[in-house]
Amino acid sequence: MIRICILFDKLRFEEKKLYSKIKEKGIDATLVDGKSLIFDTESSKRDPTFGDIVLQRVISYYRGLHLTYCLEHIGLPIVNSFSISEICGNKLITSMILKKNHVPTPKTTFAFSAESARECMKKLGYPLVVKPLIGSWGRGIYQIKDQSMAEMLLETRQDNDNSFSRIYYLQELIDRPSRDIRCIVVGDEIVASVYRYSSENEWRTNVAVGGRTEEAILSPELKEVVLKASKAIGNGILGVDLMEDKVRGYLVHEVNNTVEFRGASAVCKSDIAGAMTDYLVKMCKK
Amino acid sequence: MKADCKDCGAEITIPQDSMVGEIITCPDCGTDFEIISKNQDNIEIKEAESVGEDWGQ
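What follows is the structure, given as structure tokens:
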């Protein structure tokens, strides 16, 4: 009997849903708290804790990334892989990989000091969007409307004792409707697509900042871009986020490694957790 | 099932279907706690980790 291990560090709706779905399908499931794990150079695959395949659902990017490395090191199949985790967790790398693979994505500039970021912003002009390299849920994402806002951002970033805050991710502001699109991709299949509408007095569309979801129409064009993005990242269980540029069409701006689907599951008929479970079983048998 | 808030002492009601690893919040002071063990008669909680800059999806 196959045994699936769900690796977590904070049990959310998604992990509970996945656990019950795996059980419902008659598959053995375990929940393992990543915070409790210890690895050493002698660790081996024989540890039954991890079952036959691990689904990595850790909320802390760095914890999840390093745990993934440890598990891959001992030869365990893990979804998603270290490579995917690394790409998705860092917006600079995501943007570069998307561009390299000809996936339409917003024009983004990277600067590596406050001085060069200031020069870049002056040259690019306003408005523009600044995002942290690492992080989710719309946190730290600002629309910079003029030079005075830019100066405020630079000062705040310099005061922050965090290595990543000294690297600047500057993105063009996309002329789009007040929504974006989240597509949940499992392997090479899109299992759910939702529009995420921003709430009143908020331009960000993240559910965490009040965004509202509605099932999206999956046009052939949208499908093509989403699957191309998924393939570029490495195919796994992914959340591909897109904007609808009024001139250029779909632009992929983010790909999520431990995709949350509470909002999508409330409005989509498809069985998201079921599709993820089936994929894990398939991967296990490979 | 009930637990006492380790910060303010208020009583926290734990939902029946809660699981180890889940976060519960004190209704009085707002402190987050993680459920670290649970059986029919007993529940053990500890203060939850604060939200990290690298938290997300």
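Those protein sequence lines, which keep their order, are chains A and B. Per the working numbering, the first sequence runs over residues -7 to 278. Per the working numbering, the second sequence runs over residues 21 to 77. All C-beta atoms in this analysis are idealised placements derived from N, C-alpha and C, irrespective of residue type, glycine included.
With a threshold of 8 Å between beta carbons, is Q60(B) in contact with chain A?
no
Range of the contiguous beta strand (DSSP E) that encloses Q150(A):
Careful: Q150(A) lies outside any beta strand (DSSP E), inside the alpha helix (DSSP H) at 139 to 151.
How many angstroms separate the CA atom of Y53(A) from the CA atom of L116(A)?
30 Å
Of the residues that make up the segment 109 to 133 of chain A, which ones have a beta carbon closer than 7 Å to any beta carbon in chain B?
I126, G127, S128, W129
Would a check of beta-carbon distances place Y53(A) closer than 8 Å to chain B?
yes
Whole-number beta carbon distance between A23(B) and P47(B), since they are thought to touch under 8 Å
About 12 Å; that fails the 8 Å criterion.
Which class does A282(A) belong to by DSSP, given the choice of helix, strand or coil?
No information on residue 282(A) is available, as it lies outside the stretch -7 to 278 that chain A covers here.
Can you give the Cα-Cα distance for K277(A) and R(-5)(A), rounded to whole angstroms?
11 Å
For the segment 73 to 89 of chain A against the segment 208 to 218 of chain A, do three or more pairs of beta-carbon atoms, one drawn from each stretch, fall closer than 8 Å, so that the two count as touching?
no
The segment 1 to 13 of chain A: which residues have C-beta closer than 7 Å to a C-beta of chain C, in chain order?
Checking the listed chains, one finds no chain C in this structure; the protein chains it contains are A and B.
Which partner residues of N248(A) appear in the DSSP bridge assignment?
G231(A)
So is M(-7)(A) buried or exposed if we call it buried at 16+ other beta carbons inside 10 Å?
exposed
May I have the straight-line CA-CA distance separating P69(A) from R55(A), to the nearest angstrom?
18 Å
The alpha helix (DSSP H) enclosing T86(A), as first and last residue numbers
83 to 92
Between the segment 23 to 46 of chain A and chain B, which residues of the former have CB atoms less than 9 Å from a CB of the latter, in chain order?
L23, D25, K27
Residues of chain B with CB under 8 Å from T101(A), in chain order?
Within chain B, no residue comes near T101(A); the closest Cβ sits about 22 Å away, beyond 8 Å.
Does the beta carbon of G72(B) come closer than 8 Å to any beta carbon on chain A?
yes
Opening and closing residue of the beta strand (DSSP E) in which A23(B) lies
22 to 24
Quick one: grab the DSSP three-state call for Y242(A).
strand
For G231(A), would you say it is in contact with chain B, using Cβ-to-Cβ distances shorter than 8 Å as the test?
yes
Where are the alpha helix (DSSP H) runs, 4 residues long or more, that stay fully inside the segment 51 to 84 of chain A, in chain order?
53 to 65, 74 to 81
List the endpoints of the continuous alpha helix (DSSP H) containing R110(A).
106 to 116
Interface positions of the segment 243 to 275 of chain A facing chain B (Cβ-Cβ less than 8 Å), listed along the chain:
N248, N249, T250, V251, E252
First and last residue of the alpha helix (DSSP H) that includes E213(A)?
212 to 225
Buried/exposed call for S155(A), threshold 16 Cβ in 10 Å
exposed
Among all the DSSP beta bridges, which residues are the ones paired with K66(B)?
E54(B)
Please classify A200(A): does DSSP put it in a helix, a strand, or coil?
helix
Let me see if you follow: with CB-CB separation under 8 Å, is N154(A) close to chain B or not?
yes
Report yes if the CB atom of E246(A) is closer than 8 Å to the CB atom of D233(A), and no otherwise.
yes
Check D48(B) in the structure and name its three-state DSSP category.
coil
For a minimum of 4 consecutive residues, which ranges assigned as the alpha helix (DSSP H) are wholly contained in the segment 146 to 190 of chain A?
none
Would you list the residues sitting across from Q135(A) in a DSSP beta bridge?
V121(A)
Output needed for T101(A): all residues of its chain with C-beta closer than 6 Å, excluding positions within five of it in sequence on either side, in chain order.
C112, L162
Got a sec: which bits of the segment 41 to 56 of chain B sit with their beta carbon under 7 Å from any beta carbon on chain A, in order along the chain?
G41, E42, I43
Smallest Cα separation from C(-3)(A): which of G130(A), E7(A), V46(A)?
V46(A)
Taking 8 Å as the CB-CB cut-off, is Q77(B) touching chain A?
yes
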